[in-house]
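Peer 1: Shown below is the structure under consideration.
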Amino acid sequence: MAYLELQGLEVSFDGFKAVNGLDLSIERGELRCLLGANGAGKSTTLDLICGRTQPTGGRILLDGRDITQDPEYRRSRLGVGRKFQVPSVFKELSIRENLEIARSRHPEPWRTLCVFPSRRPSPRVAEVVEIVGLEDALDTQAAHLSHGQTQWLEIAMLLVQDSALILMDEPTAGMTVQETGKTSAIFQRLRGRHTLIVVEHDMGFVREVAETITVLHQGRRLSEGPIQAIENDPKVREAYLGSGGISHA
Amino acid sequence: MTSLPDRHDRRAEPVPRPAIAWRVSMPRITSAAQFLPYILFCGAILAVPSFVSDPFLLNKFARYLALGLAAAALALSWGYCGILNLGQGVGFGLGAYAMAMHLKLKTSPVHTGSAGLPDFMVWNNLDHLPWFWQPFHSGLFALAAAVLLPALVAALLGWFMFRARIAGVYVAIITLAMLAVTNLVFVDQQAYTGGLNGITDLAWFEMGGVEFDPYSPAFYYLSAGSLAFFLMLGMVFTRSKAGLVLRAIRGGTDRVLFFGYDMASYQCLAFSLSAGMSGVAGMLYAMVLEFASPTFMGVPLSLSMVIWAAVGGRGSLLGATVGAILVNGTQGSLSEAFLNSWQLILGALFILVVVFLPNGLAGLVHNLGARLSGRLRGMAADRAPSALLNRR
Ligand SMILES: Nc1ncnc2c1ncn2[C@@H]1O[C@H](COP(=O)(O)OP(=O)(O)O)[C@@H](O)[C@H]1O
Ligand SMILES: [Mg+2]
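Taken in sequence, the protein lines are chains A and B.
Numbering-wise (my numbering), the first sequence opens with residue 49 and increments by one.
Numbering-wise (my numbering), the second sequence opens with residue 468 and increments by one.
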């Protein structure tokens, strides 16, 4: 059995099925890309996996364990980490404090009550802020960051959280070409140690990092395979025809 | 490069390029400096009996300190955790009644029947002490009950509210309703609670051979010591990682859930810690006034606590405490004639603070301090080059 299994997953918002009988299995250590037009249900799929949205049908198995009914925080403790499409950090807190929250190996109140965050970052945090280039801004309040910097902060938080399964929703949105390259380098390093599901539009990026791609269309799995197979799949071409098709540039 | 035509999300958001110059936030004051005002304040209130010997004044100050503790408790849940508890009087009242029950049982049964029953029970034709009054013969039990009962009630209410993800103004409404219900129950159950009169004619609390006459320095030290203890405890709590998680929750996102923090249990923790503190405040208040009354659980008192905390600064335990002491001190020094318009003045004060000083007096002090240190730094910077010039 694969590390993560979605079986006949379904969610309906007032009768509209955003995810409609989705089957997906992802092996441990795999880096999977999710593609699909706007509204195909990519973000909703990630919401279902991390528990933000409850499915109206189907099951989610993580490492053989049924987590369909588990609340978000328990899934996180089981190793599910999530980066949101709209970067989601704690705006009132400094970067240092944001990263301290992300360092959550012992998240129970009776344990955090006895922890007094020190000013000196842990070796892991120091390493991560260096990777994302925020080391000079540790005391900056997150509300003052630009969109791109917020994006980096959230990625840094996920690196610090160090989840076994990382769900990334459009991590390179708003990044320059160089920054996108840096992100892809980070992903290359995560590969193997972590299982990653990445929603991404930048085909250059996808080509660089992805082994297997799953294309969603109207809440279903339309196609799955390596990049060449996807690009040549007539079903994928057809699905994209309405909005211009896969354009080769 | 190939791109799928699904870039709408990205284009929709204008992407501000990062300005390389960081907007640097205020340099963080070290934690020792943050403790300093607390230490100074605690030292000051503990030193008062060395200068004041008037028993009535000491009694009055002790009362202000009890109310200060109630405001600090509110700041802990409202300011630090974003939980606006309009029913702070529930914990306050429960603490007061727990202590009053003990002190009532200690009075010599002058008016009472053979069983040494409290007077109001005799008037209500009870012939034996109800079972839940029995353990209050013990002073230790009463002390424990004054803290734990409010905390437990809050934990239960919090569990229902926060599990259901109720937040913001709905919390305010629910806690206000809870207050009204508690008040009604205490007024209604006359035979057990003394009804509208409450529990009056209390004895003095006694522990370890010390008698806490509410007009004595001993009692003042009890109040000041309790306030100092809980201010320090609250300060440590807010500095802990749990306090940090609560500040993250206060921002209004559920993001912490995705790092494994069980948001509801954190909110419950803060809510019940705050209630336990107001229980202690209520306990001291009953001791200092020598009675407990359902007005302790009245809406006006709980709303006043909100005003005190707002005036002093809800984002600071110390600020809220000072706010309560200042407002009550002013009220206490007003003449009878003026007292009628006091509610009006208090209301106006509240509006002014909300509009002009969202962080209360504590925020004002903080800003002035920041401006002052900024000017000092500016002066130092001015001086440096001129010193160089002089040398040349
Ligand atoms: N909470 C919600 N309520 C109603 N409709 C929703 C909700 N979340 C998503 N949807 C709808 O579900 C569809 C899939 O959305 P989403 O998963 O965000 O797509 P994408 O593939 O672009 O990430 C969209 O049509 C969206 O409008
Ligand atoms: Mg999306």
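In this text, a Cβ means the ideal position worked out from N, Cα and C, and glycines have one as well.
1. Check whether the Cβ atoms of L785 of chain B and A829 of chain B lie closer than 8 Å to each other.
2. In or out: Q236 of chain A buried (at least 16 other Cβ within 10 Å) or exposed?
3. In three-state DSSP terms, what is Q197 of chain A?
4. Kindly indicate which three-state DSSP category V652 of chain B falls into: helix, strand or coil?
5. Out of A:L238, A:L207, A:L54 and A:D111, state which residue places its alpha-carbon closest to the alpha-carbon of D95 of chain A.
6. Here's a check: name, in chain order, each residue in its chain whose Cβ is nearer than 7 Å to the Cβ of E286 of chain A, leaving out the five neighbours to either side.
7. Just the C-alpha distance for A658 of chain B and M744 of chain B, rounded to the nearest angstrom, thanks.
8. Nearest to L561 of chain B by CA position, among B:L835, B:P767 and B:S760, is which residue?
9. Please report the straight-line C-alpha distance between A488 of chain B and G181 of chain A, rounded to a whole angstrom.
10. Would a check of beta-carbon distances place V163 of chain A closer than 8 Å to chain B?
11. Mind checking which residues open and close the beta strand (DSSP E) that includes E227 of chain A?
12. Return yes when at least one heavy atom of ligand 1 lies under 7 Å from the C-beta of T92 of chain A, else no.
13. Can you list, in chain order, the residues of the segment 713 to 734 of chain B whose Cβ is nearer than 8 Å to any Cβ on chain A?
14. Would the C-beta of A88 of chain A count as close to ligand 1, meaning under 7 Å from any of its heavy atoms?
15. For the alpha helix (DSSP H) holding M730 of chain B, just list the boundary residues, first then last.
16. In terms of alpha-carbon separation, which member of A:S60, A:L79 and A:T224 lies closest to I275 of chain A?
17. Hey, quick one: how far does the alpha helix (DSSP H) through C162 of chain A stretch, first residue to last?
18. Do you know offhand how far G240 of chain A's Cα is from L70 of chain A's?
19. Would you list the one or two residues that DSSP bridges to S142 of chain A?
20. Could you please give the first and the last residue of the uninterrupted beta strand (DSSP E) stretch that includes T788 of chain B?
21. Could you please give the first and the last residue of the uninterrupted alpha helix (DSSP H) stretch that includes A568 of chain B?
22. Taking Cβ-Cβ distances shorter than 9 Å, what residues in chain B pair up with P155 of chain A?
23. When you compare only the Cα positions, how much space is there between L270 of chain A and L740 of chain B?
24. Would T160 of chain A count as contacting chain B if we go by Cβ distances under 8 Å?
25. Please state whether DSSP places L182 of chain A in a helix, a strand or coil.
26. Under the assumption that W626 of chain B contacts C735 of chain B (Cβ atoms under 8 Å), give the Cβ distance between them as a whole number of angstroms.
27. For M588 of chain B and L700 of chain B, what's the separation of their Cα atoms in angstroms?
28. Measure the C-alpha to C-alpha separation of Y688 of chain B and S170 of chain A and round it to an integer number of angstroms.
29. Does the CB of L141 of chain A have a neighbour CB from chain B at under 8 Å?
30. Would you say the beta carbon of A66 of chain A comes nearer than 7 Å to a heavy atom of ligand 1?
31. If we define contact as Cβ-Cβ less than 8 Å, is R632 of chain B a contact residue for chain A?
32. Between which residues of its own chain and A66 of chain A is the CB-CB distance below 6 Å, once the five residues before and five after are set aside?
33. Contact criterion: CB-CB distance below 8 Å. Does R490 of chain B meet it with respect to chain A?
34. Between F817 of chain B and A777 of chain B, how many whole angstroms is the CB-CB distance? I'm expecting something under 8 Å.
35. Name, please, each residue of chain A whose Cβ falls closer than 7 Å to the Cβ of R781 of chain B.
36. Is it the case that the CB of F686 of chain B approaches a heavy atom of ligand 1 more closely than 7 Å?
Peer 2: Reading from the atomic positions:
1. yes
2. exposed
3. helix
4. helix
5. A:L54
6. none
7. 28 Å
8. B:S760
9. At A488 of chain B the pLDDT is 35, less than 50, meaning the model places this residue with poor confidence; the figure from the coordinates comes in the next sentence. Roughly 13 Å between the two C-alpha positions.
10. yes
11. Not the beta strand (DSSP E): E227 of chain A falls in the alpha helix (DSSP H), residues V225 to L238.
12. yes
13. R714, A715, R717, G718, T720, D721, R722, V723, L724, F725, F726, G727, Y728, D729, M730, S732 and Y733
14. yes
15. M730 to L756
16. A:L79
17. Run containing C162 of chain A: none; DSSP gives neither H nor E here.
18. 25 Å
19. A:Q189
20. Element bounds for T788 of chain B: not the beta strand (DSSP E) but the alpha helix (DSSP H), L784 to S800.
21. Reading off the sequence, residue 568 of chain B comes out as Met, not Ala. Where M568 of chain B is concerned, the enclosing alpha helix (DSSP H) stretches over Q555 to K573.
22. V712, V723, F726, G727, Y728 and D729
23. 53 Å
24. yes
25. coil
26. 6 Å
27. 39 Å
28. 43 Å
29. yes
30. yes
31. no
32. V59, G89, T92 and G267
33. Legend: pLDDT at R490 of chain B = 35, less than 50; position of this residue unreliable, no value from coordinates given.
34. 6 Å
35. The premise fails here: R781 of chain B is roughly 15 Å from chain A at the closest Cβ pair, so nothing lies under 7 Å.
36. no
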